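**Q** Could you have a look at this structure, given as structure tokens, before my questions?
There are 2 protein chains.
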Amino acid sequence: MAAYRQQRRCDEEAVFVVEGPKMAAEALASGFVIRTVCATTEWLAANGAGVAAECHEVSLAELERLSNQKAPNQVWMLVERKDLNDLKDPDDLILALDRIQDPGNLGTMMRTADWYGIRHIVCSTDTVSCYNPKVVQASMGAVFRTRVEYVDLPQWLATCGMPVFGASLQGEPLPTIHHPLPALKILLIGNESRGISPVAMAHVTHPVLIPNIGGTAESLNASVAAAILIDRLIG
Amino acid sequence: MAAYRQQRRCDEEAVFVVEGPKMAAEALASGFVIRTVCATTEWLAANGAGVAAECHEVSLAELERLSNQKAPNQVWMLVERKDLNDLKDPDDLILALDRIQDPGNLGTMMRTADWYGIRHIVCSTDTVSCYNPKVVQASMGAVFRTRVEYVDLPQWLATCGMPVFGASLQGEPLPTIHHPLPALKILLIGNESRGISPVAMAHVTHPVLIPNIGGTAESLNASVAAAILIDRLIG
Numbered sequence: 433m434a435a436y437r438q439q440r441r442c443d444e445e446a447v448f449v450v451e452g453p454k455m456a457a458e459a460l461a462s463g464f465v466i467r468t469v470c471a472t473t474e475w476l477a478a479n480g481a482g483v484a485a486e487c488h489e490v491s492l493a494e495l496e497r498l499s500n501q502k503a504p505n506q507v508w509m510l511v512e513r514k515d516l517n518d519l520k521d522p523d524d525l526i527l528a529l530d531r532i533q534d535p536g537n538l539g540t541m542m543r544t545a546d547w548y549g550i551r552h553i554v555c556s557t558d559t560v561s562c563y564n565p566k567v568v569q570a571s572m573g574a575v576f577r578t579r580v581e582y583v584d585l586p587q588w589l590a591t592c593g594m595p596v597f598g599a600s601l602q603g604e605p606l607p608t609i610h611h612p613l614p615a616l617k618i619l620l621i622g623n624e625s626r627g628i629s630p631v632a633m634a635h636v637t638h639p640v641l642i643p644n645i646g647g648t649a650e651s652l653n654a655s656v657a658a659a660i661l662i663d664r665l666i667g
Numbered sequence: 433m434a435a436y437r438q439q440r441r442c443d444e445e446a447v448f449v450v451e452g453p454k455m456a457a458e459a460l461a462s463g464f465v466i467r468t469v470c471a472t473t474e475w476l477a478a479n480g481a482g483v484a485a486e487c488h489e490v491s492l493a494e495l496e497r498l499s500n501q502k503a504p505n506q507v508w509m510l511v512e513r514k515d516l517n518d519l520k521d522p523d524d525l526i527l528a529l530d531r532i533q534d535p536g537n538l539g540t541m542m543r544t545a546d547w548y549g550i551r552h553i554v555c556s557t558d559t560v561s562c563y564n565p566k567v568v569q570a571s572m573g574a575v576f577r578t579r580v581e582y583v584d585l586p587q588w589l590a591t592c593g594m595p596v597f598g599a600s601l602q603g604e605p606l607p608t609i610h611h612p613l614p615a616l617k618i619l620l621i622g623n624e625s626r627g628i629s630p631v632a633m634a635h636v637t638h639p640v641l642i643p644n645i646g647g648t649a650e651s652l653n654a655s656v657a658a659a660i661l662i663d664r665l666i667g
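Residue numbers (this note's numbering), protein chains in the order written: chain A, 433 to 667; chain B, 433 to 667.
Below you can see the structure in the form of structure tokens.
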């Protein structure tokens with residue numbers, strides 16, 4: 433099982449790793465197919481030893497060898513990936529991500545999207561995989577409820593026919609933004625250090641600005657900026 | 433120098449570790465005293481070999497032994513802690529943190545506070561240290577511009593004489609919150625998994641709610657919730 437610490441192996445078999453009792457409970461409730469479970473005696477006793485086709489009772493030391501976590505916790509699972517194309521398309525906001533690199537940021541943005549009812553995230557092909565174990569854990573279950581698509585982003589933006597909001601230094605300050613906003617819109621978030629790429633920025637129809645009130649910080653964390661914009665655009 | 437990987441050693445000598453050229457530039461510009469620099473030939477050539485009382489030229493392998501980072505980057509510094517009591521107290525919002533455990537969350541909240549001009553953060557004594565290396569790095573320089581105080585939080589809240597905003601399931605929904613808001617206020621943020629403790633919650637005068645529009649996510653990331661609330665309360 434330790435081979436699944438390699439992302440390539442997970443990609444080849446179209447599975448992803450889920451760890452810990454909280455995320456495991458989300459997986460069991462999700463309707464996703466659980467292929468393999470490696471868990472402690474206690475977890476198996478509490479959850480039934482038949483939750484997956486393949487269930488292994490393992491020691492904590494074995495769990496540690498499998499785990500990507502600092503503190504492995506009771507249960508490790510391999511879950512089969514599933515296309516969530518059947519999810520109803522959002523009627524308010526689609527999140528578009530341009531070259532997000534940090535797994536924690538993508539997972540946190542998926543979690544925030546989940547909170548605000550955003551079910552569709554469109555990513556540039558060079559955005560980190562939503563099945564990266566750190567993304568899965570940071571998403572806090574949103575990976576089971578969000579359709580994450582990887583596309584040629586500038587081309588997709590060019591042909592989607594929707595207003596595109598994106599943060600820009602030349603944008604309209606968020607507190608004075610015009611209401612009512614378009615019903616269905618795209619919110620475009622850029623790379624952690626380089627922002628939105630020029631080819632994607634060309635498709636932003638509604639540039640907006642989160643005012644730098646302090647005047648000392650260089651930038652906001654990408655998942656924080658995404659949350660503030662989502663909240664202002666649909667909250 | 434590797435002894436400074438231990439937080440206790442840093443606490444005893446009232447210093448903290450700063451890494452990488454971006455944060456090192458912030459440190460040099462901050463007016464804080466740099467006690468020690470360990471850096472590559474290139475970094476020292478570009479920044480001057482006299483930037484600290486003690487400057488060592490080190491190899492990448494030596495830098496790796498010192499570093500807390502996954503990818504150590506050119507320069508490692510020991511910076512002397514400094515009381516920022518002389519900072520003008522904010523006239524709009526003081527951030528109060530109840531038992532924040534995750535260093536990334538505290539650092540990100542400091543960075544968001546910096547963006548919004550919040551210069552004073554008051555933490556419960558069991559909140560993670562603002563000098564934890566992961567906090568310092570995630571703060572993106574805010575550690576040099578923010579007064580972070582550790583206090584008996586419930587007692588401080590009881591005697592501060594200011595309105596206290598805090599997230600609560602029984603709170604007023606954020607989008608319909610009454611304006612104008614009190615000029616000077618406290619925003620209280622609770623622990624990542626347990627929220628605001630009951631003893632601190634007793635002092636919340638303005639409970640607010642970030643509506644769970646999706647209805648599926650259990651919670652928001654603490655630093656994301658803090659950012660949304662800060663933006664709504666002072667943005």
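Positions of the beta carbon are idealized from the N, C-alpha and C atoms, including for glycine.
No experiment lies behind these values; they were computed from the predicted model shown.
Would B:Asn-644 count as contacting chain C if we go by Cβ distances under 8 Å?
**A** Absent from the structure: chain C. Protein chains present are A and B.
**Q** Less than 8 Å separating the beta-carbons of A:Ile-662 and A:Leu-601?
**A** Here the question's residue 662 of chain A lines up with position 230 in the first sequence. Here the question's residue 601 of chain A lines up with position 169 in the first sequence. No; because the gap between Cβ atoms is not below 8 Å, this pair is not in contact.
**Q** Return the CA-CA distance between B:Lys-520 and B:Glu-451, expressed in angstroms with no decimal places.
**A** The residue given as residue 520 of chain B occupies position 88 in the second sequence. The residue given as residue 451 of chain B occupies position 19 in the second sequence. Taking the straight line joining both Cα atoms gives about 28 Å.
**Q** Output, in sequence order along the chain, the residues in the stretch 627 to 661 of chain A whose CB is closer than 9 Å to any CB in chain B.
**A** If the cut-off is 9 Å between Cβ atoms, the stretch 627 to 661 of chain A has Ile-642, Pro-643, Asn-644, Ile-645, Gly-646, Gly-647, Thr-648, Ala-649, Glu-650, Ser-651, Leu-652, Asn-653, Ser-655, Val-656, Ala-657, Ala-658, Ala-659 and Ile-660 near chain B.
**Q** From the DSSP secondary-structure annotation, give me the bridge partner or partners of B:Ala-434.
**A** Position 2 of the second sequence, counting from 1, holds the residue named residue 434 of chain B. Answer by DSSP bridge pairing: none, since B:Ala-434 is not bridged.
**Q** For B:Thr-648 and A:Arg-577, which I take to be in contact (beta-carbon distance under 8 Å), what is that distance rounded to the nearest angstrom?
**A** Counting from one through the second sequence, the residue named residue 648 of chain B turns up at place 216. Counting from one through the first sequence, the residue named residue 577 of chain A turns up at place 145. Yes, B:Thr-648 and A:Arg-577 are in contact; Cβ-Cβ is about 5 Å, under 8 Å.
**Q** Taking three-plus beta-carbon pairs below 8 Å as touching, is the stretch 641 to 659 of chain A in contact with the stretch 541 to 551 of chain A?
**A** With the cut-off at 8 Å, the stretch 641 to 659 of chain A and the stretch 541 to 551 of chain A touch.
**Q** Compare the beta carbon distance of B:Asp-584 and B:Thr-557 with 8 Å and say whether it is the shorter of the two.
**A** Indexing the second sequence from 1 puts residue 584 of chain B at position 152. Indexing the second sequence from 1 puts residue 557 of chain B at position 125. Contact: yes.
**Q** Would you grab the beta carbon distance between A:Pro-605 and A:Leu-641 for me? Rounded to a whole angstrom, and I think it's under 8 Å.
**A** Position 173 of the first sequence, counted from the start, is the residue given in the question as residue 605 of chain A. Position 209 of the first sequence, counted from the start, is the residue given in the question as residue 641 of chain A. Sure, about 5 Å apart at Cβ, within 8 Å.
**Q** Below 9 Å on C-beta distance, what does B:Gly-480 contact in chain A?
**A** Sequence index remark: in the second sequence, residue 480 of chain B carries index 48 (1-based). Near B:Gly-480 there are no residues of chain A at all, since even the closest Cβ is about 23 Å away, more than 9 Å.
**Q** I'd like to confirm something about A:Asp-523: is its beta-carbon nearer than 7 Å to some heavy atom of the ligand COA, or not?
**A** You won't find the ligand COA in this model; it holds no ligand whatsoever.
**Q** Would B:Trp-588 count as contacting chain A if we go by Cβ distances under 8 Å?
**A** Locating residue 588 of chain B in the second sequence gives position 156, where the first residue counts as 1. Judged by the 8 Å Cβ criterion, B:Trp-588 is not in contact with chain A.
**Q** Do the stretch 524 to 532 of chain B and the stretch 585 to 601 of chain B touch if we need at least three Cβ pairs shorter than 8 Å?
**A** Yes, they touch.
**Q** Where in the stretch 545 to 597 of chain A do unbroken runs of the alpha helix (DSSP H), each at least 4 residues long, occur, reported from the N-terminal end onward?
**A** 565 to 570 and 585 to 591, all fully within the stretch 545 to 597 of chain A.
**Q** Would you check if there are 3 or more beta carbon pairs closer than 8 Å linking the stretch 440 to 455 of chain A to the stretch 507 to 516 of chain A?
**A** Counting Cβ pairs under 8 Å, three or more are found: they touch.
**Q** Can a CB atom of chain B be found closer than 8 Å to the CB of A:Ala-615?
**A** As a position in the first sequence, residue 615 of chain A is number 183, starting the count at 1. It does not; no Cβ of chain B falls within 8 Å.
**Q** DSSP state of B:Val-608, grouped into three classes?
**A** As a working note, residue 608 of chain B is residue 176 in the second sequence. In the sequence as presented, Val is not what sits at residue 608 of chain B; that position holds Thr. In this structure, B:Thr-608 counts as helix in the three-state DSSP scheme.
**Q** Apart from the five residues just before and just after B:Arg-441, which ones in its own chain have a Cβ nearer than 8 Å to its Cβ?
**A** Taking the second sequence and counting its residues from 1, one reaches residue 441 of chain B at position 9. Answer for B:Arg-441: Ala-435, listed in chain order.
**Q** I'd like to know whether the C-beta atoms of A:Val-449 and A:Ala-471 end up nearer to each other than 8 Å.
**A** Reading the first sequence from its first residue, position 17 is the one you call residue 449 of chain A. Reading the first sequence from its first residue, position 39 is the one you call residue 471 of chain A. Not closer than 8 Å, so no.
**Q** Rounded to the nearest angstrom, what separates B:Leu-525 and A:Val-483 at their Cα positions?
**A** On the second sequence, position 93 is the one that residue 525 of chain B refers to. On the first sequence, position 51 is the one that residue 483 of chain A refers to. When rounded, the distance between both Cα atoms is 49 Å.
**Q** Start and end of the alpha helix (DSSP H) containing B:Arg-467?
**A** Here the question's residue 467 of chain B lines up with position 35 in the second sequence. Not the alpha helix (DSSP H): B:Arg-467 falls in the beta strand (DSSP E), residues 466 to 471.
**Q** Which same chain residues end up closer than 6 Å to B:Asn-505 when comparing Cβ atoms and leaving out the 5 residues on each side of it in sequence?
**A** The count along the second sequence starts at 1 and reaches residue 505 of chain B at position 73. Gly-452.
**Q** To the nearest angstrom, report how far apart B:Lys-617 and B:Ala-590 are at their CA atoms.
**A** Numbered from its first residue, the second sequence carries residue 617 of chain B at position 185. Numbered from its first residue, the second sequence carries residue 590 of chain B at position 158. Approximately 14 Å between the Cα atoms of the pair.
**Q** When the Cα atoms are used, what is the spatial distance from B:Pro-639 to B:Leu-665?
**A** In the second sequence, the residue the question calls residue 639 of chain B occupies position 207. In the second sequence, the residue the question calls residue 665 of chain B occupies position 233. C-alpha separation (whole angstroms): 13 Å.
**Q** What did DSSP end up calling B:Val-490 once you bin it into helix, strand or coil?
**A** Position 58 of the second sequence, counting from 1, holds the residue named residue 490 of chain B. DSSP places B:Val-490 in coil when its eight states are reduced to three.
**Q** Which stretch, first to last residue, makes up the beta strand (DSSP E) that contains B:Ala-461?
**A** Here residue 461 of chain B refers to the residue found at position 29 of the second sequence. Looking at the DSSP string, B:Ala-461 is not in any beta strand (DSSP E); the run it does join, the alpha helix (DSSP H), is 453 to 462.
**Q** So the alpha helix (DSSP H) A:Glu-444 belongs to, where does it begin and stop?
**A** Residue 444 of chain A sits at position 12 when you count from the first residue of the first sequence. From DSSP, the alpha helix (DSSP H) with A:Glu-444 extends over 439 to 445.
**Q** Cutting at 6 Å between CB atoms, please list the residues of its own chain near A:Thr-637, excluding the five before and the five after it.
**A** Within the first sequence, residue 637 of chain A is the residue found at index 205, counting from 1. Excluding positions up to five away in sequence, the list reads Pro-595 and Val-596.
**Q** On the DSSP letters alone, give me the boundaries of the alpha helix (DSSP H) that A:Asn-661 sits inside.
**A** Within the first sequence, residue 661 of chain A is the residue found at index 229, counting from 1. Checking the sequence shown, residue 661 of chain A turns out to be Leu, not Asn. It spans 654 to 666 - the alpha helix (DSSP H) in which A:Leu-661 sits, taken as one unbroken run.
**Q** Quickly, what does DSSP pair B:Ala-477 with across the bridge? List them, please.
**A** For this step, residue 477 of chain B is matched to residue 45 along the second sequence. None, per the DSSP bridge assignment.
**Q** Could you compute how far the alpha carbon of A:Ile-609 sits from the alpha carbon of A:Arg-437?
**A** On the first sequence, position 177 is the one that residue 609 of chain A refers to. On the first sequence, position 5 is the one that residue 437 of chain A refers to. C-alpha separation (whole angstroms): 45 Å.
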